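Enquirer: Using full-length UniProt numbering, you'd call the opening residue of the sequence shown number 1 and step up by one each time.
C-beta: ideal position from N, C-alpha, C; glycine also.
Being a predicted model, the structure only gives us computed values, none of them experimental.
There's a structure below that I have some questions on.
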Amino acid sequence: MNFYLAELSEIISSQRRDDEQIQLISEHLSSLTKFSLGDRAWIQCSRYLPNISKFLYYSFTNLLGLQTIGEEYLGLIQVSNQTSPKAVPFINRAVFILLESFGDIFMRKIVQRLHQVQLKKDANEKVTKVLMILLPLLENSTRLHQAIFFALHSKYYTIPKRLTSISYLSLRPQANMVARLFTFIGFSVLAQCLQPIILKIVNEVKNQSRHQFSQKIQTAKIYAEKALKGEHLCSVCLTRKLPVCIPCGIYFAGTVYWNMRKLRAHSQVLANVLITFKMNRIEKPARIPGTKLKNRCLVAFLGTEALDALITDGAPNTSITVIDECTTTKFSSPIFRCFLAEGVTEKHSIFLACPTSSQTSHLLNNLPAKSTENASKSSSNIQSDDNFRIAWRYSGVKEVESSVGNTQSRQKFDLSKKMVENQSTEMTVFTFESDCSSYSQLWNQLRIQMEKPEFSVEKTGEGNTDQNLLRVLICDVNSPLWDTTEMDLPKFLVYLKSFCRHINCLVMLGVDTGLMSDRLKTNVVRVADTVFQLEYVSEEDQKAMSLFQKFDGRLKILKLPSIYSACPTNRPECLDLVFCLKLRFFEVKIFHLPPAIQENESSKNSPMSSCQRIQNEF
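Structure, rendered in structure tokens:
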């Protein structure tokens with residue numbers, strides 16, 4: 001018996017006849033499933049019925065060594081090699097049936113998995129580029145294989161037959177004529193499949209080159225603006241000052257230098273401007289009501305005269321002030337109220353957040369009014385007696401002023417009076433939707449206010465009148481009432497500091513270090529620019545230490561602001577300070593040592609209390 005090579009038309013006609021039979025089996029199987037199992041089961045398994053029908057059809061024909069209906073109709077025989085015809089092994093036929101029946105399901109699963117890998121944020125860039133080309137090829141693999149079959153007159157019509165090396169021989173003599181129509185169809189389909197892949201690759205290359213170029217231009221513009229404005233933000237300590245004035249300035253200057261070397265072709269002049277740090281190009285910041293310009297930097301007042309005097313007439317712009325008071329909030333509350341009253345008076349925007357609603361209402365309902373008293377002559381208004389004269393040797397000695405800052409007659413706010421209710425301002429109060437507030441909710445609300453353009457520091461120049469200062473007050477920031485599930489306190493403080501350096505704001509935080517660990521205390525001090533600690537001293541302790549000066553506690557300065565310099569520009573004359581909360585104002589005084597009194601025998605033998613040891617620290 002003579003065998004001939006099967007032509008394309010015969011292979012295609014045989015496959016179409018088999019597809020018709022498989023479709024007929026699928027319809028009967030669908031009707032049987034719907035009748036026996038019901039509509040719900042039929043809906044669930046209807047998409048798999050064509051695959052099952054194909055598996056049954058080829059299992060009862062090719063797997064048993066028989067011809068399919070299409071092969072028998074056209075006289076085709078499956079062989080493993082056309083040159084030396086051999087029967088197809090059983091293993092090859094079994095693998096062919098599995099791939100032909102369920103190969104499309106496996107391919108869909110693989111494509112879905114690769115799509116998930118491509119959409120991951122942490123996916124490798126090289127893997128993403130490979131998948132960008134591989135996924136369209138896998139999705140159109142059947143069409144591509146058929147296009148190659150038509151264009152190159154291949155002997156394998158489907159991918160499973162190519163993988164298992166199953167070809168056909170015909171029992172009928174052939175004309176062996178090349179069908180040019182099949183060749184045209186094959187190349188047309190091949191071009192149609194490859195066109196979107198090629199266009200996608202070309203567009204990706206163009207977009208990547210454009211992105212790199214725009215990134216270089218954007219980086220050059222940023223360096224140019226910072227060079228001309230003098231706004232250098234250190235990426236290590238988040239400090240906005242010149243690199244020569246920060247502890248990590250060498251690292252920052254080196255980073256600037258190497259970044260500018262990469263852009264040498266675009267901005268060589270800008271690199272020279274950055275490295276030389278010409279101060280004469282720095283523009284003056286915008287003037288905001290309630291602020292003043294000092295050492296080319298904006299400063300704003302905290303509202304408490306004594307604290308403003310300790311940090312040189314106001315806190316610097318973008319700074320964070322921490323008020324630390326352990327076990328009580330009696331003495332920090334007047335400071336917070338004066339801070340808010342200063343913002344109301346100067347028409348600043350205010351953001352207030354407290355862990356409890358009662359604390360929020362207490363602060364808002366008890367804002368102090370402006371003091372109406374003028375500078376008086378003396379503290380007690382007592383007329384000096386003409387007959388009383390001081391000794392001539394003490395007449396040239398200056399009077400000792402123990403109070404820090406202005407005296408009682410020059411206080412800005414009077415704590416004994418409340419502010420008028422109709423004095424309005426744009427005040428944003430953080431409200432709690434649940435009983436347990438969280439740092440993440442607080443940060444989301446605060447970030448919305450910080451991103452407003454009126455607080456941006458990018459607008460410079462004295463002509464800008466639309467800018468304003470944002471005052472942020474967060475009481476008991478380390479209270480256990482805050483939920484730390486999504487965000488903890490150290491993370492919140494880092495976010496807060498990074499955003500504060502880019503806006504016109506003044507932040508005051510109330511903390512209780514008695515509830516903190518040593519590590520958390522260190523983090524708070526590092527993030528803050530100014531830290532005041534209020535240490536309460538009871539009357540019993542004062543009597544035990546034989547102190548003649550009455551006060552409420554000690555004021556410790558743990559940190560002074562150094563935003564625009566390498567170290568604090570102003571240091572108080574004395575660091576031994578005490579505070580006293582009076583009816584009208586919060587007073588800070590210099591702590592004076594008690595007079596040296598000769599000890600008697602009873603005082604020597606009396607046991608020393610633990611509080612007396614504090615006296616040695618003074």
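Can the beta-carbon of R554 be found closer than 8 Å to that of E535?
Expert: Against a cut-off of 8 Å, the Cβ pair of E535 and R554 comes out as a contact.
Enquirer: Using the C-alpha atoms, what's the distance from L114 back to L135?
Expert: Distance between the alpha carbons of L135 and L114: 7 Å.
Enquirer: If you measure from the beta carbon of M487 to each beta carbon in chain C, is any gap under 8 Å?
Expert: Here there is only one protein chain, and chain C is not present.
Enquirer: Compute the Euclidean distance between the alpha carbons of E7 and P50, then round it to the nearest angstrom.
Expert: The straight-line gap from Cα to Cα measures roughly 28 Å.
Enquirer: Look up G510 in the DSSP assignment and say whether it is helix, strand or coil.
Expert: G510 falls in the strand class under three-state DSSP.
Enquirer: Where G230 and K521 are concerned, what is the direct C-alpha to C-alpha distance, given to the nearest angstrom?
Expert: The pLDDT assigned to G230 is 47, lower than 50, so where the model puts this residue is not dependable, and the model offers no usable value.
Enquirer: In the DSSP output, what is T294 paired with across the bridge?
Expert: Here residue 294 turns out to be Lys, not Thr, going by the sequence shown. Looking at the DSSP assignment, K294 forms a beta bridge with C297.
Enquirer: Count the other CB atoms within 10 Å of the CB of P289; is the residue buried (16 or more) or exposed (fewer)?
Expert: Classification for P289: exposed.
Enquirer: In this structure, how does DSSP classify F277 when only helix, strand and coil are distinguished?
Expert: Low confidence applies to F277: its pLDDT is 40, below 50, so where it sits in the model is not reliable enough to give any reading.
Enquirer: At the level of alpha carbons, what is the spacing between F492 and N478?
Expert: When rounded, the distance between both Cα atoms is 11 Å.
Enquirer: For D529 and F331, which I take to be in contact (beta-carbon distance under 8 Å), what is that distance rounded to the nearest angstrom?
Expert: Actually they do not touch by this definition, with Cβ atoms about 21 Å apart.
Enquirer: For a test of the three-state rule: what should DSSP assign to S20, helix, strand or coil?
Expert: Ser is not the amino acid found at residue 20; the sequence shown has Glu there. Here E20 sits in helix by DSSP.
Enquirer: From the DSSP output, in three-state form, read off Q359 for me.
Expert: Three-state DSSP puts Q359 in a helix.
Enquirer: Could you spell out the range, first to last residue, of the beta strand (DSSP E) harbouring R554?
Expert: Run containing R554: 553–559, per the beta strand (DSSP E) assignment.
Enquirer: List the DSSP bridge partners of R471.
Expert: Paired residue(s): I350, L506.
Enquirer: Pop quiz: F106 and F150 are said to be a contact at Cβ under 8 Å. What is the actual Cβ separation, rounded to whole angstroms?
Expert: That pair is no contact at about 25 Å.
Enquirer: Assuming V322 is part of the alpha helix (DSSP H), what are its boundary residues?
Expert: No alpha helix (DSSP H) holds V322; the beta strand (DSSP E) holding it covers 319–325.
Enquirer: Could you round the C-beta distance between F351 and G510 to whole angstroms and report it? I think they count as a contact, below 8 Å.
Expert: That pair is no contact at about 14 Å.
Enquirer: To the nearest whole angstrom, what separates the beta carbons of V527 and V494, a pair I think is in contact under 8 Å?
Expert: Sure, about 7 Å apart at Cβ, within 8 Å.
Enquirer: Short check: CB of I110 to CB of L138, under 8 Å?
Expert: Yes.
Enquirer: Taking the alpha helix (DSSP H) that F149 falls in, what are its first and last residues?
Expert: Residues 141–152.
Enquirer: Just the Cα atoms here: how many angstroms apart are C245 and L496?
Expert: The predicted model places C245 with a pLDDT of 47, which falls under 50 and marks its position as unreliable, so this point remains unresolved.
Enquirer: Which one or two residues does DSSP pair with I77 in a beta bridge?
Expert: Answer is L169, bridged to I77.
Enquirer: Count the other C-beta atoms from every protein chain shown that fall within 10 angstroms of the C-beta of S9, then say buried if there are 16 or more, exposed otherwise.
Expert: Classification of S9: exposed, given that the 10 Å Cβ count is below 16.
Enquirer: Measuring only the C-alpha atoms, how far is G70 from F213?
Expert: Whole-angstrom Cα-Cα distance: 60 Å.
Enquirer: Output the distance between the C-alpha atoms of L302 and Q215, rounded to the nearest integer angstrom.
Expert: So the alpha carbons of these two residues sit roughly 41 Å apart.
Enquirer: Just to confirm, is the Cβ distance from Y57 to Q15 under 8 Å?
Expert: The answer is no: Cβ separation not under 8 Å.
Enquirer: Where do the N-terminal and C-terminal ends of the alpha helix (DSSP H) with S448 fall, by residue?
Expert: First, the amino acid is wrong: residue 448 is Ile here, not Ser. Where I448 is concerned, the enclosing alpha helix (DSSP H) stretches over 439–450.
Enquirer: Less than 8 Å between the CB atoms is what I'm expecting for L66 and L169, so what's the real figure, rounded?
Expert: Contact flag wrong, Cβ pair sits at about 16 Å.
Enquirer: For the alpha helix (DSSP H) that contains P334, what are its first and last residues?
Expert: Element bounds for P334: 332–345.
Enquirer: In chain order, what residues of the same chain lie with their CB nearer than 7 Å to the CB of T513, ignoring the 5 residues before and after it?
Expert: Answer for T513: D324, C326, K521, listed in chain order.
Enquirer: Check the DSSP bridge columns for K483 and list the partner residues they point to.
Expert: Note on identity: in this sequence residue 483 is Asp, with Lys being the wrong assignment. DSSP, once it has assigned bridges, lists S438 as partnering D483.
Enquirer: With DSSP collapsed to three states, give me the class of Y156.
Expert: Coil at Y156, not helix or strand.
Enquirer: In whole angstroms, what separates the C-alpha of K198 from that of I563?
Expert: Before going further, note that residue 198 is Ile rather than Lys in the sequence given. Their backbone Cα atoms lie some 54 Å apart in a straight line.
Enquirer: Out of E204, L99, I590, N92, point me to the one whose CA is closest to S402's CA.
Expert: Of the candidates E204, L99, I590, N92, the one whose C-alpha sits nearest the C-alpha of S402 is I590.
Enquirer: Let's test the definition: count the other Cβ atoms within 10 Å of the Cβ of Q23 and tell me whether it reaches 16, buried, or not, exposed.
Expert: Per the 10 Å Cβ criterion, exposed.
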